[in-house]
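One structure below.
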Amino acid sequence: MKFDSSVNKNIIELPEFYPDKNNVDVRSWITAVDICMAGGPVQGTSLMIALCRTLKGQACTWLSLISFYDMTWSELKKNFIARFECPVTPAAFLIDMNNGFPVENQCIAAYSAGLMTSVMSPWKNFTTE
């Protein structure tokens, strides 16, 4: 069996996304993937392989239903937000943030960085008005 080696060298590692767990932050995950994709456009087979490795549970099932040949990250991102992002009121967000705490053996700096990303991600597309 012969494999196309050009596909394998374009595969990137993405952070895991498992929406079946509680407190999944869709915007933070998208921001992290945007950073991973900054090295160059990934689409088609390479994008699907990377996403199949990282999406878990219902997200993996959803991907198999909506994917198409030569799909780009920007196309997928719009659909991903529509499917997995639940609007959260500012009050609910602050309550959740107040009730959160670092997991065992988690560095305080890493926990703080995660909090900052969670706070800043929703504001990225707001206007000053």
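As numbered in my numbering, residues 7 to 135 make up the sequence shown, in order. The C-beta atom is built at its ideal place from N, Cα and C for all residues, glycine as well.
- Three or more Cβ pairs drawn from the region 18 to 31 and the region 42 to 62 lie within less than 8 Å of each other, which places the two stretches in contact.
- By the Cβ rule, the region 27 to 34 counts as touching the region 114 to 128, because three or more pairs are nearer than 8 Å.
- When the five nearest sequence neighbours on each side are left out, the beta carbons in the same chain lying within less than 6 Å of the beta carbon of Thr78 are those of Gln49, in order along the chain.
- DSSP places Glu81 inside the alpha helix (DSSP H), whose first and last residues are 79 to 90.
- Cα atoms of Ile101 and Val94: separation of roughly 11 Å, rounded to the nearest angstrom.
- Taking C-alpha positions only, Phe86 is separated from Asn111 by approximately 31 Å.
- Distance between Ile41 and Lys84, taken at the CA atoms: about 16 Å.
- In terms of Cβ geometry, Ser73 and Met54 form a close pair [threshold 8 Å].
- Closest option to Ala88, judged by alpha-carbon separation, among Gly106, Tyr75, Trp68, Ala116: Trp68.
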